[in-house]
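> The structure is given below, and queries will be raised subsequently.
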Amino acid sequence: MTSEQVKEKVMRDVSKSLNVRVKAVRKTRSGGVAIETVSESKLKRLAECAKFGDAGLKVEMPQKIGPKVIVYDVPNELTNDDFMKEMYENLKGRVKEDEFKERVRIVSRNSKKDATCGNVIMKVMSKVKRNVCEEGRLYVNWKAFKVKEFVNVMRCHTCFAYGHMMRECGEKERLCQKCGQNGHIMKDCKRECVCRNCKLRGSKCDHSVLSEECPEYIRALARERARVNDE
Numbered sequence: 038m039t040s041e042q043v044k045e046k047v048m049r050d051v052s053k054s055l056n057v058r059v060k061a062v063r064k065t066r067s068g069g070v071a072i073e074t075v076s077e078s079k080l081k082r083l084a085e086c087a088k089f090g091d092a093g094l095k096v097e098m099p100q101k102i103g104p105k106v107i108v109y110d111v112p113n114e115l116t117n118d119d120f121m122k123e124m125y126e127n128l129k130g131r132v133k134e135d136e137f138k139e140r141v142r143i144v145s146r147n148s149k150k151d152a153t154c155g156n157v158i159m160k161v162m163s164k165v166k167r168n169v170c171e172e173g174r175l176y177v178n179w180k181a182f183k184v185k186e187f188v189n190v191m192r193c194h195t196c197f198a199y200g201h202m203m204r205e206c207g208e209k210e211r212l213c214q215k216c217g218q219n220g221h222i223m224k225d226c227k228r229e230c231v232c233r234n235c236k237l238r239g240s241k242c243d244h245s246v247l248s249e250e251c252p253e254y255i256r257a258l259a260r261e262r263a264r265v266n267d268e
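Those letters in the sequence shown? Residues 38 to 268, per this note's numbering, in order.
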């Protein structure tokens with residue numbers, strides 16, 4: 038069963054009996070749908086609704102994920118082992134070394150072609166995230182590198198909606214990033230700027246779909262932050 042079929046089944050067979058205020062229903066990359074409610078208590082009530090089982094659907098609460106940070110412009114010549122050793126030096130006395138080695142790791146290192154530096158994404162403990170993000174800098178080999186919390190907001194690069202990837206998109210061709218219409222690309226667009234996500238929501242949409250001040254982006258960011266286990 039595809040995400041679209043699951044969504045149709047939820048809307049047809051379950052939605053009327055939920056008695057829960059639902060903010061949004063979105064397709065997910067795993068072939069299901071994500072249902073957004075107004076509160077955690079409403080979400081729990083929804084998860085306990087027997088109608089899902091009657092419709093042949095399985096309900097799961099969203100899984101928590103560990104916090105991550107991103108360190109910017111780290112030299113490619115610096116090995117992972119050396120980077121980890123230098124990072125611990127920033128935290129010595131605040132985090133136990135064996136705990137650091139067990140629970141902090143590099144997830145990825147990204148750099149553009151022919152670049153000498155790249156960004157390092159790390160899975161960390163909450164207290165490590167808190168310490169390095171409050172400082173805002175990580176000191177390595179006599180240099181200071183900018184560090185921030187990393188929250189990965191999934192966005193489709195075909196339709197620019199959140200919660201799914203290009204290969205799962207229902208649009209047959211890539212939409213214009215500027216106006217949200219099909220049949221042309223952004224550099225050829227003569228229309229006014231329209232955020233397709235906010236337009237579909239019925240909200241004010243006279244801004245870029247990529248704007249970090251977009252209400253739909255802020256909502257998607259909040260959803261991802263809510264999944265982070267910061268205890």
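Backbone N, C-alpha and C define an ideal beta-carbon position, used for all residues, glycine too.
Do the CB positions of K105 and V144 come within less than 8 angstroms of each other?
Yes.
> Taking C-alpha atoms, which residue in T195, K79, D110 lies nearest to M98?
When each option's Cα is compared against that of M98, the closest is K79.
> Cβ of E41 within 8 angstroms of Cβ of G200?
Cβ atoms of E41 and G200: not closer than 8 angstroms.
> Based on Cα-Cα distance, which residue from R49, D151, W179 lies nearest to N127?
Measuring from the Cα of N127, the nearest candidate turns out to be W179.
> Would you identify the three-state DSSP class for P252, choosing helix, strand or coil?
If DSSP states are grouped into helix, strand and coil, P252 belongs with the helices.
> Can you tell which of V111, A198, V169, E253 has the C-alpha that lies nearest to the C-alpha of R146?
Comparing Cα-Cα distances from R146 to each of V111, A198, V169, E253, the minimum goes to V111.
> Do you know how far the Cα of F182 is from the Cα of V141?
Cα to Cα, the separation comes out at about 18 angstroms.
> Within 8 angstroms, do at least three Cβ pairs link the segment 121–138 to the segment 229–240?
No: the two stretches stay apart, fewer than three of their Cβ pairs being nearer than 8 angstroms.
> Helix, strand or coil, according to DSSP, for K227 in the structure here?
Looking at K227 - three-state DSSP - the assignment turns out to be coil, as it is neither helix nor strand.
> Tell me which residue opens and which closes the beta strand (DSSP E) that G90 is part of.
Note, G90: premise wrong, no beta strand (DSSP E); alpha helix (DSSP H) at 88–91.
> Among G239, D243, T153, Y176, which residue has its Cα nearest to the Cα of F120?
Of the listed residues, the one whose Cα sits closest to F120 is Y176.
> Can you tell me which of the three DSSP states F182 falls into?
Looking at F182 - three-state DSSP - the assignment turns out to be strand.
> Find out if the Cβ-Cβ distance for the pair V223, K215 is shorter than 8 angstroms.
One point to set straight first is that residue 223 is Met, not Val, in the sequence displayed. Result yes, Cβ atoms of M223 and K215 sit closer than 8 angstroms.
> Please check the pair R174 and V184, which I expect to be a contact at CB under 8 angstroms, by giving their CB distance rounded to whole angstroms.
That belief holds up - the Cβ atoms of R174 and V184 are roughly 6 angstroms apart, short of 8 angstroms.
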